[in-house]
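K.L.:
Here the sequence shown stands for residues 576 to 728, numbered as in this note's numbering.
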Amino acid sequence: MNILKEIFTKTKFEDDEIVLVPFEDYFDKENRSYCKFSLDEEDIPLLTEFGKALKNTGGEIFVSIYGYELEHKNGSGFAYGDCLWIRGISIGDVSKLITLCGSSEPTEICTVEELPQFDCSSVYIVKYKDNKNGTLEEYFIKDFNTAICLYWD
576 MNILKEIFTK TKFEDDEIVL VPFEDYFDKE NRSYCKFSLD EEDIPLLTEF
626 GKALKNTGGE IFVSIYGYEL EHKNGSGFAY GDCLWIRGIS IGDVSKLITL
676 CGSSEPTEIC TVEELPQFDC SSVYIVKYKD NKNGTLEEYF IKDFNTAICL
726 YWD
């Protein structure tokens with residue numbers, strides 16, 4: 576099952592709610608055609624290398640979806656993202672990994688609570704449950720307020 580269909584067909588989020596998808600799910604082969612990230616397409620392979628390197632350090636990485644839209648009755652559509660949320664690694668180590676992997680420099684690196692649009696109480700993570708079915712988990716924002724945010728515009 577395409578994990579993004581959980582977003583498109585089963586869930587209705589308010590405009591001010593934060594929806595995260597694990598990096599590896601957002602950029603996997605099955606979901607890639609549904610996902611539009613703010614980098615040029617030729618920059619995506621370097622970003623995915625950065626994501627893999629970060630996961631190897633034990634950190635967690637998510638794509639923050641700022642919009643999604645349905646195109647067809649069958650549930651297909653697009654999920655738009657321009658921001659990565661990272662936990663479990665320092666800003667300095669994130670910067671070193673970006674340089675090491677040759678990924679595009681983000682426009683901004685900050686903690687989540689420093690984001691200008693940061694004013695909600697919950698974060699929703701859409702992820703696979705037992706590698707077959709999508710599931711939705713709600714977290715309190717306090718679980719993420721020290722996470723690092725990488726933003727591209």
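Built from N, CA and C at the ideal position, the CB exists for glycine as well. Being a predicted model, the structure only gives us computed values, none of them experimental.
Run through DSSP, which three-state label would K611 get?
P.N.:
strand
K.L.:
Any chance the stretch 670–677 sits against the stretch 612–619, with 3 or more Cβ pairs inside 8 angstroms?
P.N.:
The stretch 612–619 and the stretch 670–677 do not touch, with fewer than three beta-carbon pairs separated by less than 8 angstroms.
K.L.:
Assign S639 to one of two classes, buried (16 or more other C-beta atoms within 10 Å of its C-beta) or exposed (fewer than that).
P.N.:
buried
K.L.:
Under DSSP, the alpha helix (DSSP H) around T623 begins and ends at which residues?
P.N.:
I619 to N631
K.L.:
I'd like to know whether the C-beta atoms of L690 and F598 end up nearer to each other than 9 angstroms.
P.N.:
It is not a contact, given that the beta carbons lie outside the stated cut-off.
K.L.:
Buried or exposed: D600, going by 16 or more other Cβ atoms within 10 Å of its Cβ?
P.N.:
buried
K.L.:
F637 bridges to which residues according to DSSP?
P.N.:
P597 and W660
K.L.:
Count the other CB atoms, across all protein chains shown, that sit within 10 Å of the CB of M576; report buried if there are 16 or more and exposed otherwise.
P.N.:
With a pLDDT of only 40 at M576, under the threshold of 50, the placement of this residue in the model should not be trusted, and no figure is reported.
K.L.:
K536: which of C610, V594, E680 and D603 sits nearest, CA to CA?
P.N.:
As displayed, the chain neither begins before 576 nor continues past 728, which places residue 536 out of reach and without an answer.
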